[in-house]
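Undergrad: Dumping the structure here so I can ask a few things about it.
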Amino acid sequence: MSTTISTVALGDDIAALPRARPAPPARRRPPLKLAALWPRVRGWLLAWPVPLAVLALWQLAASYQWIPAQILPAPLTVAATFVDLFNTGELQSNTLISLQRVLFGFLTGAVLGLALGVAMGLSPLVKDYLYPTFKAFAQVPSLGWLPLLMMVVGIDEALKIILIAKSTFVPITLNTYKGLQGVPSSYIEVAKVYGFNRWQMLRRVVLPAAFPPIWNGVRYGLTHSWLALVGVELLASSEGLGFLIVYGRQLYQLDVVLAAVVVVGAVGYALDKILALIEARLLRWRRDAF
Amino acid sequence: MSSLTTALDSIALPLPSSPVLPRLARAGRLAGIVAAGALLPLALFALWQYAVDRQWLAEQILPPPSLVWQSLLELWDSGELLDHLTISLSRVAWSFVIGGGSGLVLGVALGLSRQVRAYVYPSFSVVSQFPVVGWIPLLIIFLGIDEALKIAAISLAVVVPVAVNTYKGIANIPRAWLEVGRVYGFSLPQTLARVVLPAAAPSVFNGLRQGVMQAWLTLVFVELLASSEGIGYLMVWGRQLLQLDLVVVAMIAIGAVGLVLDLSLRFAESRLLGWRRGAF
Chain U
1 MSTTISTVAL GDDIAALPRA RPAPPARRRP PLKLAALWPR VRGWLLAWPV PLAVLALWQL
61 AASYQWIPAQ ILPAPLTVAA TFVDLFNTGE LQSNTLISLQ RVLFGFLTGA VLGLALGVAM
121 GLSPLVKDYL YPTFKAFAQV PSLGWLPLLM MVVGIDEALK IILIAKSTFV PITLNTYKGL
181 QGVPSSYIEV AKVYGFNRWQ MLRRVVLPAA FPPIWNGVRY GLTHSWLALV GVELLASSEG
241 LGFLIVYGRQ LYQLDVVLAA VVVVGAVGYA LDKILALIEA RLLRWRRDAF
Chain B
1 MSSLTTALDS IALPLPSSPV LPRLARAGRL AGIVAAGALL PLALFALWQY AVDRQWLAEQ
61 ILPPPSLVWQ SLLELWDSGE LLDHLTISLS RVAWSFVIGG GSGLVLGVAL GLSRQVRAYV
121 YPSFSVVSQF PVVGWIPLLI IFLGIDEALK IAAISLAVVV PVAVNTYKGI ANIPRAWLEV
181 GRVYGFSLPQ TLARVVLPAA APSVFNGLRQ GVMQAWLTLV FVELLASSEG IGYLMVWGRQ
241 LLQLDLVVVA MIAIGAVGLV LDLSLRFAES RLLGWRRGAF
């Protein structure tokens, strides 16, 4: 969810006549002024009222006991539990276990997905043989495989890794394949004119052109693997963040559930942000090239 | 194994490539592609049958294909499969209406009004990071494990992709189009109906399709976790009774329904957005 989308201001000036946009002055580096920073600060400030209002409502509901404390613990209780879990190291150890599972599952799924995606994208023969089976395989959502896999591999680590790998594999394969298919044929023709051999063509034309969709697939894959991890840990696990949620619910300690849910969200967000940063770095050349 | 060899034969057949009959040649090529695509599933199928014949795995764990087929027919004939599917689909339908509706409203509000965007978007983008399955234990406590839980969880799964795609669809409308609208002196409703909606429609549809897929995934999960009917429950039940044929039948049904949902939305999209091909 990048916030750098070019937003068109509709609404208030939609009916107004187009305003003459002042031509940007031709200086290299505008001096940093407070006034220039104001829109950003304002945007930052305006982001707060809604969450703060929700928090206030939550606190009110808790202190007036609109809802029993077992069902809705006060925000401060949740914060205290969070600190508690953090100090005992319980939170870190569970997060670490979850992250390990995601890492192994994601790497397995990503390698397989990239391999299959590249094979199908580059060779029509491979595509003809494998694509229909892949499509059928991808139709059943990852968690739908869970009951079957449980019988075959048990409820151990293998189950989690396989499920996470599967949910990573599908989006990466699909996006890699589509990305390679979508390379404009004019690029390839130009490369042919230059007399590129097969390797040069791959390295200098196909891969750079297909990189953004492939990376998109990697990001989807990571998001899906995090989702699958939480799902599988909720259903069958004795450690990890998902288990912490189940455990808190079974003991009716909603503060534990909420703390774990917050960590789940934060880690998912961080993982996606890291990949976005890597993408921005890797694709820096594109800004200059186009 | 016999099915495998027949598939191989059909590939090895010389394809008619007479220049007089290019249509036949094309049909032959198509048949070749279909046969190639069928090869791997048939091989897997043969391996499955072979593994059962050789008793590599206990029959409770790997039921023979014939048993799965038989259970499928039985469940279909007794109407049980349809009952479960109807329940699951009605859950998805309700959630799609509720979640899709609120997602559209939210997305349009985010796209059209700078105020709403400034106040709500940061919170929304943080909340949407949380995987829906993570909300479910929390929802169980608030709502119990009844119908309300399922509808709420699935609706949540629909809201996020619909709202995000609607918002992006509106935000990415080329400025020039809006300016042309202004030159024509369009009023606000006119701008909405004749510029914004048609321009954002593909993205909105994309969001709806993602939403349906998410809804189907969440449905399976929530029915696995807490349910006494529906297609996910059929799987849990089959596993508990050690009747893996039931589990496989349920998986096939889940995959088939997912495919049908996706294809029908795609069909609706191509019908509704068919004018675009002519326009561009």
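Protein sequences appear in the order of chains U and B.
Just so it is clear: in the first sequence, position 171 is 171 by the working numbering, and no numbers are missing.
Just so it is clear: in the second sequence, position 175 is 175 by the working numbering, and no numbers are missing.
Ideal placement from N, C-alpha and C gives every residue a C-beta, glycine not left out.
From this set, B/Ser123, B/Ile136 and B/Gly107, which residue's C-alpha is nearest B/Leu225's C-alpha?
TA: For the residues B/Ser123, B/Ile136 and B/Gly107, the minimum Cα distance to B/Leu225 belongs to B/Ile136.
Undergrad: Closer than 7 Å by beta-carbon distance: list the chain B residues that pair up with U/Pro51, in chain order.
TA: Chain B residues near U/Pro51: Ser123.
Undergrad: Could you tell me how far apart the beta carbons of B/Asn206 and B/Asn165 are, in whole angstroms, since I believe they sit closer than 8 Å?
TA: At roughly 5 Å, the Cβ-Cβ gap stays under 8 Å, so B/Asn206 and B/Asn165 are in contact.
Undergrad: Give the C-beta separation of B/Ser212 and B/Leu273 to the nearest angstrom, bearing in mind that I take them to be a contact with Cβ-Cβ under 8 Å.
TA: The sequence shown places Val at residue 212 of chain B, rather than the Ser named in the question. Contact doesn't hold; Cβ gap of about 17 Å is too wide.
Undergrad: Should B/Val97 go down as buried or exposed, given a rule of 16 or more other Cβ atoms within 10 Å for buried?
TA: Exposed, by the Cβ-count rule.
Undergrad: For a minimum of 4 consecutive residues, which ranges assigned as the alpha helix (DSSP H) are wholly contained in the segment 95 to 167 of chain B?
TA: As far as the segment 95 to 167 of chain B is concerned, its whole alpha helix (DSSP H) runs of at least 4 residues are 114 to 127 and 132 to 143.
Undergrad: So, with DSSP's three-state summary, where would you put U/Ala236?
TA: If DSSP states are grouped into helix, strand and coil, U/Ala236 belongs with coil.
Undergrad: Buried or exposed: B/Trp275, going by 16 or more other Cβ atoms within 10 Å of its Cβ?
TA: Answer is exposed; the Cβ neighbour count stays below 16.
Undergrad: Nearest chain B C-beta to U/Val152 closer than 8 Å, yes or no?
TA: So, interface residue.
Undergrad: Taking a contact to mean a Cβ-Cβ separation below 8 Å, would you say B/Arg91 touches B/Ile154 in this structure?
TA: Going by C-beta atoms, B/Arg91 is nearer than 8 Å to B/Ile154.
Undergrad: Taking only runs that begin and end inside the segment 168 to 213 of chain U, name each unbroken beta strand (DSSP E) of 3 or more residues, in chain order.
TA: Segments of the beta strand (DSSP E) lying fully in the segment 168 to 213 of chain U: there are none.
Undergrad: Round the Cβ separation of U/Arg101 and U/Leu229 to the nearest angstrom and send it over; I've been treating them as touching at under 8 Å.
TA: Yes, U/Arg101 and U/Leu229 are in contact; Cβ-Cβ is about 6 Å, under 8 Å.
Undergrad: Helix, strand or coil: which one does DSSP assign to B/Pro231?
TA: In the sequence under discussion, the amino acid at residue 231 of chain B is Ile, which differs from the Pro named in the question. Correct three-state label for B/Ile231: helix.
Undergrad: Against B/Gly107, what residues of chain U qualify as contacts under a CB-to-CB distance less than 9 Å, listed in chain order?
TA: Here the premise fails: no neighbours, minimum Cβ distance about 13 Å.
Undergrad: Please list, in chain order, the residues of the segment 222 to 236 of chain U that have any C-beta partner in chain B closer than 7 Å.
TA: Those residues of the segment 222 to 236 of chain U that come within reach of chain B (Cβ to Cβ, closer than 7 Å) are Trp226, Leu227, Val230, Gly231, Leu234 and Leu235.
Undergrad: Strictly below 8 Å CB to CB, what residues from chain U border B/Pro41?
TA: Correct list: Pro132, Thr133 and Ala136.
Undergrad: Using a Cβ cut-off of 9 Å, pull out every chain B residue sitting near U/Gly217, in sequence order please.
TA: Within 9 Å Cβ-Cβ: nothing; U/Gly217 doesn't reach chain B, min ~15 Å.
Undergrad: Closest Cβ-Cβ distance between U/Gly43 and chain B: below 8 Å?
TA: Cβ-Cβ to chain B under 8 Å: yes for U/Gly43.
Undergrad: Counting only Cβ pairs nearer than 8 Å, list the residues of chain U close to B/Ala118.
TA: Per Cβ cutoff of 8 Å: Arg42, Gly43, Leu46 and Ala47.
Undergrad: Among U/Leu112, U/Thr173, U/Val78 and U/Ala110, whose alpha-carbon lies nearest the alpha-carbon of U/Gln253?
TA: Checked all of U/Leu112, U/Thr173, U/Val78 and U/Ala110; the closest Cα to U/Gln253 is U/Val78.
Undergrad: State the Cα-Cα distance for the pair B/Gln240 and B/Ser228, rounded to the nearest angstrom.
TA: Roughly 13 Å separates the two Cα atoms.
Undergrad: Using only CA atoms, which one of U/Thr173, U/Leu227, U/Arg204 and U/Lys178 lies nearest to U/Ile188?
TA: For U/Ile188, the nearest C-alpha among the options comes from U/Arg204.
Undergrad: Would you mind sorting B/Arg209 into buried or exposed? The rule is 16 or more other CB atoms within 10 Å of its CB.
TA: Buried is the call here.
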